[in-house]
Amino acid sequence: MKYSFTLIFLILSISVWAQQTCSIKIFVKQQNQQVLSGAQIYAQKSHVSFITNEKGFALCVIPCKPDTLLISYIGYKDVYVALPMISDTIIHVIMSIEEIGINKVVVTQVKENSQITNTLGELQVKHSELRSIPGIMGEPDVLRTLSLSSGVKQIEGMQGIFVRGGSQDQNLIVYDGATVYNPSHLLGFFSVFNSDIVASASLFSSGAPALYGGRLSSVLTIQSLSAIPDSVETAVNLGVLSSRVMLNVPISQKSAIRASFRKTYLNLFVMPIVEKSLELKDEVSTQFGFYDATCRFDFKPNLLHQFYISAYLGKDKFGLLNSQTLLTNNVNWGNFIVAAQWKYNAKNRWIHSITASYSEYNFNFLAKQSVYTLGIETGISKKEIQYTAKKRYENHTVSYGVQANFHMYNSGTIDVTIENEPFNSIPAMLSQSSEQSLFVEDEWFITPQLICNASIRIVPYVLLGPSSYYVYNDKGEVTDTVFYTQNQIMYTTIGFEPRLQLQYRFSSDASLKFSSMRTTQQMHMVSMLSAALPADIWLPASNFNKPMNGWISSVGYFRNFNDNEFSSSLSLYYKSMQNIIEFKDGFITLYASSYNQKITHGKGFAFGSEFVIKKIKGDFQGAFSYNFSRSLRCFQDLNQGYLYPASYDKPHDVSIQLQYKISSQLTCNALWVYNSGKVYSEPVSKYFIGKNVISEYGPINSSRMPAYHRLDIGAQYVIAKTDSYELLSNISIYNVYNRKNTYYIYYETIGNVNEFSIQFVKNFVGLFPILPSVSIQLYF
Amino acid sequence: MMKKNVYIINIIIIAISFCSVSCSDNFTHSDFKAGRVVVDGSIEAGSFAKVVLTYSLPLDAKIDSSVYYDLVNTRAKVTIFDGEQSEVLVLIKRKNFFPPHYYTTRTIKGVPGKTYWLEVIYYDDTIRAQTTIPNNVELSKIWSEPHVNDTTKRYLWIQMCDDVQRKDYYRIFTQIKGKQKDFVPTYQSAFSDEYFNGTCPKIMLYKGLENFFDKKREDTFSVGDTVFVKISSIDKQSYLFWSNYEKEVFNSGNPFAANGSNLTSNVDSGIGIWCGYASKVYSIIIK
Numbered sequence: 001m002k003y004s005f006t007l008i009f010l011i012l013s014i015s016v017w018a019q020q021t022c023s024i025k026i027f028v029k030q031q032n033q034q035v036l037s038g039a040q041i042y043a044q045k046s047h048v049s050f051i052t053n054e055k056g057f058a059l060c061v062i063p064c065k066p067d068t069l070l071i072s073y074i075g076y077k078d079v080y081v082a083l084p085m086i087s088d089t090i091i092h093v094i095m096s097i098e099e100i101g102i103n104k105v106v107v108t109q110v111k112e113n114s115q116i117t118n119t120l121g122e123l124q125v126k127h128s129e130l131r132s133i134p135g136i137m138g139e140p141d142v143l144r145t146l147s148l149s150s151g152v153k154q155i156e157g158m159q160g161i162f163v164r165g166g167s168q169d170q171n172l173i174v175y176d177g178a179t180v181y182n183p184s185h186l187l188g189f190f191s192v193f194n195s196d197i198v199a200s201a202s203l204f205s206s207g208a209p210a211l212y213g214g215r216l217s218s219v220l221t222i223q224s225l226s227a228i229p230d231s232v233e234t235a236v237n238l239g240v241l242s243s244r245v246m247l248n249v250p251i252s253q254k255s256a257i258r259a260s261f262r263k264t265y266l267n268l269f270v271m272p273i274v275e276k277s278l279e280l281k282d283e284v285s286t287q288f289g290f291y292d293a294t295c296r297f298d299f300k301p302n303l304l305h306q307f308y309i310s311a312y313l314g315k316d317k318f319g320l321l322n323s324q325t326l327l328t329n330n331v332n333w334g335n336f337i338v339a340a341q342w343k344y345n346a347k348n349r350w351i352h353s354i355t356a357s358y359s360e361y362n363f364n365f366l367a368k369q370s371v372y373t374l375g376i377e378t379g380i381s382k383k384e385i386q387y388t389a390k391k392r393y394e395n396h397t398v399s400y401g402v403q404a405n406f407h408m409y410n411s412g413t414i415d416v417t418i419e420n421e422p423f424n425s426i427p428a429m430l431s432q433s434s435e436q437s438l439f440v441e442d443e444w445f446i447t448p449q450l451i452c453n454a455s456i457r458i459v460p461y462v463l464l465g466p467s468s469y470y471v472y473n474d475k476g477e478v479t480d481t482v483f484y485t486q487n488q489i490m491y492t493t494i495g496f497e498p499r500l501q502l503q504y505r506f507s508s509d510a511s512l513k514f515s516s517m518r519t520t521q522q523m524h525m526v527s528m529l530s531a532a533l534p535a536d537i538w539l540p541a542s543n544f545n546k547p548m549n550g551w552i553s554s555v556g557y558f559r560n561f562n563d564n565e566f567s568s569s570l571s572l573y574y575k576s577m578q579n580i581i582e583f584k585d586g587f588i589t590l591y592a593s594s595y596n597q598k599i600t601h602g603k604g605f606a607f608g609s610e611f612v613i614k615k616i617k618g619d620f621q622g623a624f625s626y627n628f629s630r631s632l633r634c635f636q637d638l639n640q641g642y643l644y645p646a647s648y649d650k651p652h653d654v655s656i657q658l659q660y661k662i663s664s665q666l667t668c669n670a671l672w673v674y675n676s677g678k679v680y681s682e683p684v685s686k687y688f689i690g691k692n693v694i695s696e697y698g699p700i701n702s703s704r705m706p707a708y709h710r711l712d713i714g715a716q717y718v719i720a721k722t723d724s725y726e727l728l729s730n731i732s733i734y735n736v737y738n739r740k741n742t743y744y745i746y747y748e749t750i751g752n753v754n755e756f757s758i759q760f761v762k763n764f765v766g767l768f769p770i771l772p773s774v775s776i777q778l779y780f
Numbered sequence: 001m002m003k004k005n006v007y008i009i010n011i012i013i014i015a016i017s018f019c020s021v022s023c024s025d026n027f028t029h030s031d032f033k034a035g036r037v038v039v040d041g042s043i044e045a046g047s048f049a050k051v052v053l054t055y056s057l058p059l060d061a062k063i064d065s066s067v068y069y070d071l072v073n074t075r076a077k078v079t080i081f082d083g084e085q086s087e088v089l090v091l092i093k094r095k096n097f098f099p100p101h102y103y104t105t106r107t108i109k110g111v112p113g114k115t116y117w118l119e120v121i122y123y124d125d126t127i128r129a130q131t132t133i134p135n136n137v138e139l140s141k142i143w144s145e146p147h148v149n150d151t152t153k154r155y156l157w158i159q160m161c162d163d164v165q166r167k168d169y170y171r172i173f174t175q176i177k178g179k180q181k182d183f184v185p186t187y188q189s190a191f192s193d194e195y196f197n198g199t200c201p202k203i204m205l206y207k208g209l210e211n212f213f214d215k216k217r218e219d220t221f222s223v224g225d226t227v228f229v230k231i232s233s234i235d236k237q238s239y240l241f242w243s244n245y246e247k248e249v250f251n252s253g254n255p256f257a258a259n260g261s262n263l264t265s266n267v268d269s270g271i272g273i274w275c276g277y278a279s280k281v282y283s284i285i286i287k
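Same order as they appear, the protein sequences are chains A and B. The opening position of the first sequence corresponds to residue 1 in the working numbering, with each subsequent residue numbered one higher. The opening position of the second sequence corresponds to residue 1 in the working numbering, with each subsequent residue numbered one higher.
This is how it looks when you write it as structure tokens:
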């Protein structure tokens with residue numbers, strides 16, 4: 001008898017143990033079958049929560065006991081579902097919009113406790129968050145919004161972003177699956193991403209998915225809107241300094257095409273201010289403008305297949321005229337990208353994706369004076385095809401993929417003409433490389449609290465001819481030229497990139513995360529000029545300039561409070577970088593084939609701590625962040641081999657954001673930023689050669705400009721809102737208290753040598769003073 | 001209790017972060033300072049050597065005649081060796097030049113193809129440099145062409161032929177007779193033959209800056225002027241110095257193209273230049 005009781009007890013125990021957790025698969029969609037990414041699923045009694053992924057899917061492992069699931073998404077009506085007590089149940093949830101009005105995507109800020117469950121180092125920005133900070137000249141911007149987050153820096157007057165001590169070229173920026181090489185317009189003030197069509201942006205400063213690789217520091221993926229509207233949607237924005245228009249047209253219930261266009265007209269107001277700030281001579285006048293255009297076609301025949309083609313074209317143009325010397329400079333640069341993707345949700349639950357893309361970036365410089373014309377062109381292009389597959393099991397999410405790309409580099413084409421006759425003895429430096437990658441990744445839910453993500457990327461790389469390079473003797477004289485024929489292998493290597501992430505969830509509102517990954521980068525970028533203009537030269541990894549590699553490790557603690565009303569986090573990181581390159585003498589000569597003699601190799605490392613606290617619910621919302629970080633470099637040929645700060649090293653970085661929804665019509669916001677001044681190389685003395693004064697510079701970047709801080713304020717007012725249209729106005733003021741933040745420092749020599757009266761004066765040059773702007777937006 | 005411990009740990013870590021004041025940026029053990037001896041020396045083929053010694057000045061310096069000797073060094077022992085003989089230079093003064101004092105040889109003159117070693121001894125400091133005078137260079141043609149708008153101005157052109165067998169480096173000077181006391185390097189005066197090796201290029205000359213207070217630089221020459229044009233060949237180290245020198249002089253204050261790095265000097269343990277020239281002078285009347 002007692003054995004029977006024991007046996008029954010064991011069976012019951014086993015069955016209870018077996019039923020302790022239920023795996024429920026939940027798909028969340030809108031009424032128009034569009035998936036809802038970021039919907040929250042909350043088990044009310046077990047206090048466990050989940051978030052749907054980009055496909056609107058969540059695998060919920062919940063204690064198997066009577067419970068109610070609350071599915072919520074701000075702006076949509078809550079849905080309550082009784083928890084099925086059977087594992088492997090699939091639930092399809094259709095959510096309806098709470099307010100019926102204009103059928104545009106109203107996406108809230110990032111899901112409430114996303115920082116608890118996201119990858120360490122992952123930052124997400126949704127469409128609506130772009131308006132939560134004052135826009136510069138009325139333009140909300142995704143890079144500027146990201147730069148207020150931990151570890152991401154934008155420096156006034158410099159292109160791109162700097163992530164955890166890495167340089168601009170060390171960030172892989174992907175737009176709808178295609179690489180973007182220069183993400184900035186206008187000295188970094190605007191990104192190339194039109195905020196009207198950005199659906200979401202995710203930045204991984206560590207712990208990037210194994211799908212992405214090829215850059216040392218970070219991955220930024222940007223998705224454009226993919227909604228198939230019920231009817232034509234239009235958005236028009238007219239501002240004092242720029243305007244943009246977007247059109248979203250349904251072709252059928254399953255397909256739509258969307259186009260957008262943006263153009264600035266800065267020459268009326270901004271460029272005269274910039275000329276004055278930079279203290280340009282009276283005879284010098286400048287012009288600047290940019291435009292960009294996007295187009296996207298989506299086709300979703302059914303729930304199993306999705307297809308899109310997306311394209312982007314952008315161009316910046318800068319002109320300078322010196323009426324005294326009759327010198328004209330015309331510079332233009334820009335990106336062109338096109339990507340196509342097909343996604344297939346197979347019945348065996350594998351999700352397959354094939355993406356093909358083409359990306360191109362070109363920089364053109366033309367100078368004319370009298371009969372001389374000098375033209376310089378640099379650029380880079382990439383063709384890529386990628387296949388990935390992903391499947392969720394009960395406790396594992398497995399993915400793998402292969403990728404192949406082909407790069408073409410133009411590291412300098414120079415055309416000189418004299419009296420319209422070409423000077424043709426300068427060969428262009430063209431090269432090409434091929435890179436493949438294979439990755440395998442497993443996200444393993446060891447327990448509901450402990451998650452491990454391990455992956456490996458293997459990256460074979462080959463540099464191909466045709467090309468040539470000089471061989472130098474000890475005196476630096478050319479002794480030989482080595483030629484490579486078409487597709488002849490010049491250099492080959494294989495990169496290995498293991499990655500590990502661990503995440504422990506103490507509860508639904510607290511987690512501890514660790515991440516460590518090795519990264520490789522098979523290309524280099526160096527700047528031709530000291531500042532401002534994006535005269536960047538992309539070089540492939542080669543025997544002379546080996547691929548960069550490094551390690552990024554970080555740990556962070558994330559805690560939400562008061563039912564996710566407040567979020568806070570503290571992260572620490574360390575990054576090492578090997579085989580980074582610099583030009584030895586700063587400004588280089590224009591003869592491309594002699595680059596290798598002018599390049600030196602070294603290493604760098606960066607470390608820091610990032611603290612953030614946010615209020616993310618309610619009419620009053622805000623965020624405070626403080627970052628301490630250092631980014632240092634070490635080159636044997638520079639600075640006598642001693643460490644020196646990288647040009648974007650800024651130890652202290654503070655930002656305070658506030659947003660207050662005064663009424664349903666009026667929202668105000670403010671942003672205050674403070675960071676350490678930019679480093680520069682200060683002269684330590686001056687000396688005469690002939691009658692001219694020369695600076696002797698001290699250690700590289702040993703001095704620091706005054707601290708940078710400014711206040712921006714803005715307001716958005718809904719003028720009118722009906723079922724068929726919405727009219728908004730935006731007012732913003734950049735640099736409210738008109739601080740003259742230093743952009744550049746130089747010493748001026750005044751006096752007269754013939755009268756033996758000489759003095760040196762230190763000048764501080766700022767860039768942007770107070771800049772108010774107003775714009776009107778119309779959606780219909 | 002566990003929650004309280006976590007909060008305390010949070011606070012400690014945050015406090016440590018806030019207390020992580022930035023380390024000193026001075027990672028370099030540097031000897032950079034003002035007051036170093038600056039060498040501005042040259043030796044031309046067929047001429048005596050000329051060496052101007054000055055001191056580098058601190059950034060807060062205010063120079064007037066009362067502190068002349070804080071700028072100009074007149075107490076060094078300067079010696080030249082040409083591989084066969086050596087000579088100690090003598091200090092002489094010339095009026096209406098800047099600076100008035102300079103050292104010169106009385107015996108040794110420049111010879112194309114020869115190397116000259118310079119030694120400057122000033123108290124405990126010894127500074128050395130060497131330069132080689134290359135082979136002579138010639139112009140094949142000089143002429144002027146009209147300005148686009150101004151009939152009183154003209155552009156000055158030269159043509160020269162480059163030896164394909166050699167790596168050559170050049171520097172060009174102009175002097176307007178009666179208006180300039182000395183040769184002035186043209187705008188972008190230093191160049192190498194990497195753009196035109198073995199060819200006969202035509203080059204337009206832009207008038208250079210004589211001194212730092214020439215705020216308005218003009219490219220053209222005036223009709224009626226007699227202009228002396230000096231074409232010189234120099235060695236590679238001198239070319240590297242002079243090309244960086246011009247970037248420093250012409251781009252200083254320009255945020256788009258500032259130099260920001262030290263000139264490549266051929267003076268050991270010092271700053272400045274010791275340059276050998278093989279020169280030829282031509283003249284043209286602008287009309």
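Virtual Cβ for every residue (Gly too), placed ideally from N, Cα, C.
Unbroken alpha helix (DSSP H) run spanning TRP242 of chain B, endpoints: DSSP places TRP242 of chain B inside the alpha helix (DSSP H), whose first and last residues are 236-251.
Helix, strand or coil at ILE750 of chain A [DSSP, three-state]: strand
Proximity to SER784 of chain A [Cα-Cα], best of A:GLN403, A:MET517, A:ASN473, A:VAL402: Only positions 1 to 780 of chain A appear in this structure, which leaves residue 784 of chain A out of reach.
Below-8 Å beta-carbon distance, TRP274 of chain B vs any chain A residue: no
Contact list for the segment 35-54 of chain B against chain E, Cβ threshold 9 Å: No chain E is part of this structure, whose protein chains are labelled A and B.
Cβ distance (whole Å) where SER729 of chain A is taken to contact ILE719 of chain A below 8 Å: 6 Å
Interface flag, ILE689 of chain A vs chain B, CB-CB below 8 Å: Chain B contact via Cβ: present.
Under 7 Å from the C-beta of VAL555 of chain A: neighbouring residues of chain B: In chain order: nothing, as chain B lies at least about 10 Å away.
Residue closest to PHE544 of chain A, alpha-carbon to alpha-carbon, out of A:ILE580, A:TYR557, A:PHE561: A:ILE580
CB contact below 8 Å: LEU140 of chain A versus chain B: A small fix is needed here, since residue 140 of chain A is Pro in this sequence, not Leu. Judged by the 8 Å Cβ criterion, PRO140 of chain A is not in contact with chain B.
Beta-carbon separation (whole angstroms), ASN362 of chain A vs GLY379 of chain A, contact threshold 8 Å: 4 Å
is_contact[VAL416 of chain A, chain B] using C-beta, thresh 8 Å: For VAL416 of chain A, at least one C-beta of chain B is nearer than 8 Å to its own C-beta.
Same chain, Cβ closer than 8 Å to SER24 of chain B, neighbours up to 5 away in sequence not counted: Residue confidence for SER24 of chain B is low, a pLDDT of 38 falling below 50, so the modelled location carries little weight; the figure read from the coordinates is stated next. Excluding sequence neighbours, SER24 of chain B sits near nothing in its chain.
Spatial distance of SER49 of chain A from LEU59 of chain A (CA atoms): 11 Å
Neighbouring residues, chain A, relative to ALA61 of chain B (Cβ below 7 Å): PHE760
Range of the contiguous alpha helix (DSSP H) that encloses ARG144 of chain A: 142-147
Closer than 8 Å to chain A by CB, LEU118 of chain B: Judged by the 8 Å Cβ criterion, LEU118 of chain B is not in contact with chain A.
Bridge partner(s) assigned by DSSP for VAL79 of chain A: A:ILE71
Presumed contact (8 Å Cβ cut-off) between LEU225 of chain A and ARG258 of chain A, rounded CB distance: 7 Å
HIS185 of chain A - DSSP class collapsed to helix/strand/coil: HIS185 of chain A falls in the strand class under three-state DSSP.
Unbroken stretches of the alpha helix (DSSP H), 4 residues or longer, contained in the segment 224-309 of chain A: 270-277
Span separating the alpha-carbon of LYS762 of chain A from that of GLU748 of chain A: 6 Å
Per-residue contacts from SER757 of chain A into chain B (C-beta, under 9 Å): LYS62, ILE63, ASP64, SER65
Identity of the residues DSSP links to CYS634 of chain A by a beta bridge: A:LYS603
Beta-carbon contacts of PHE318 of chain A that lie in its chain and below 8 Å, excluding the five residues immediately before and after: THR286, GLN287, PHE288, ASN329, ASN330, VAL331, ASN332, LEU533
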